[in-house]
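K.L.:
Going by the numbering used here, 426 is the number at position 34 of the sequence shown; the sequence numbering is gapless.
Note that the Cβ used here is the ideal one computed from N, Cα and C, for glycine as well.
Here it is, the structure, as structure tokens.
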Amino acid sequence: MAALSGVRWLTRALVSAGNPGAWRGLSTSAAAHAASRSQAEDVRVEGSFPVTMLPGDGVGPELMHAVKEVFKAAAVPVEFQEHHLSEVQNMASEEKLEQVLSSMKENKVAIIGKIHTPMEYKGELASYDMRLRRKLDLFANVVHVKSLPGYMTRHNNLDLVIIREQTEGEYSSLEHEVRPQKLGEGKDEDGREVELLVSLPSVT
393 MAALSGVRWL TRALVSAGNP GAWRGLSTSA AAHAASRSQA EDVRVEGSFP VTMLPGDGVG
453 PELMHAVKEV FKAAAVPVEF QEHHLSEVQN MASEEKLEQV LSSMKENKVA IIGKIHTPME
513 YKGELASYDM RLRRKLDLFA NVVHVKSLPG YMTRHNNLDL VIIREQTEGE YSSLEHEVRP
573 QKLGEGKDED GREVELLVSL PSVT
């Protein structure tokens, strides 16, 4: 479902780039929303559309191969620019991260597989996946779930959008910090930072 949703989104994004009025998607960042009109004008209308692709780890390469086969069969004019960024296959570095960021900013459209973080990870607290989100201000994970006509499933006639915040809370690994005279830190339901203070009695 997630892979299919990603293919649908990418197709609509490319159509929208060639004809801004054809489809209007949900922006995943305030900056992207403000610049969406100017970005659409920058994308090449003639020829193929450049798209940044990160196969990633696990089933990522297999899914990206399927995406390329589907787009080829549908004659979608896309030129995939592959970049390999992986923390478990020793294919991650600051230089590669900057190359990926540069490609994403230039192409304005990207499709990414899962970038795993090793369990024994001892580097910087923020993984490469998280750093990509922060540098591009991708604070929202938007998934469109829609039933396919003719396919009977347990739940039919679905048409909903799931939006999940993906840079704060547990994702950042910084939301809970213990300090003297403080019970904890976090965010309330409105997203505002919250500090819980407590007076600790002196111990004699």
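To the nearest angstrom, report how far apart F378 and I503 are at their CA atoms.
P.N.:
Here the chain covers residues 393 to 596 and nothing more, so residue 378 does not appear.
K.L.:
Counting Cβ pairs, one atom from each stretch, are 3 or more of them under 8 Å apart for the region 495–502 and the region 461–468?
P.N.:
no
K.L.:
Out of curiosity, what's the CA-to-CA distance linking L489 and T444?
P.N.:
Approximately 13 Å between the Cα atoms of the pair.
K.L.:
Following the continuous beta strand (DSSP E) through A502, name the residue where it begins and the one where it ends.
P.N.:
A502 to I504
K.L.:
Thinking just about the alpha-carbon of each residue, which of M544, G439, N533 and M456 is nearest to the one in E557?
P.N.:
N533
K.L.:
Quick check: what's the CA-CA separation for H508 versus D449?
P.N.:
Put simply, the backbone Cα of H508 is about 6 Å away from that of D449.
K.L.:
For a minimum of 4 consecutive residues, which ranges assigned as the alpha helix (DSSP H) are wholly contained in the region 527–555?
P.N.:
None, since the region 527–555 contains no complete alpha helix (DSSP H) of that length.
K.L.:
The alpha helix (DSSP H) with E486 in it runs from where to where?
P.N.:
Its alpha helix (DSSP H) spans residues E486 to N499.
K.L.:
Applying the criterion that 16 or more other CB atoms from any shown protein chain within 10 Å of the CB defines a buried residue, is E433 buried or exposed?
P.N.:
Because E433 sits at a pLDDT of 41, beneath the cut-off of 50, its placement in the model cannot be relied upon, and the following sentence gives the value as read from the coordinates. Result: exposed.
K.L.:
Over the uninterrupted beta strand (DSSP E) stretch that includes V470, give me the two end residues.
P.N.:
V470 to E474
K.L.:
Would you kindly work out how many angstroms separate the C-alpha atoms of E474 and I554, rounded to a whole number?
P.N.:
28 Å
K.L.:
Quick check on DSSP: helix, strand or coil for P453?
P.N.:
Reduced to three states, the DSSP call for P453 is helix.
K.L.:
Sort out for me which residues DSSP pairs V459 with in a bridge.
P.N.:
V459 pairs with nothing; no bridge assigned.
K.L.:
Give the DSSP bridge partners of V443, in chain order.
P.N.:
Bridge pairing for V443: F472 [DSSP].
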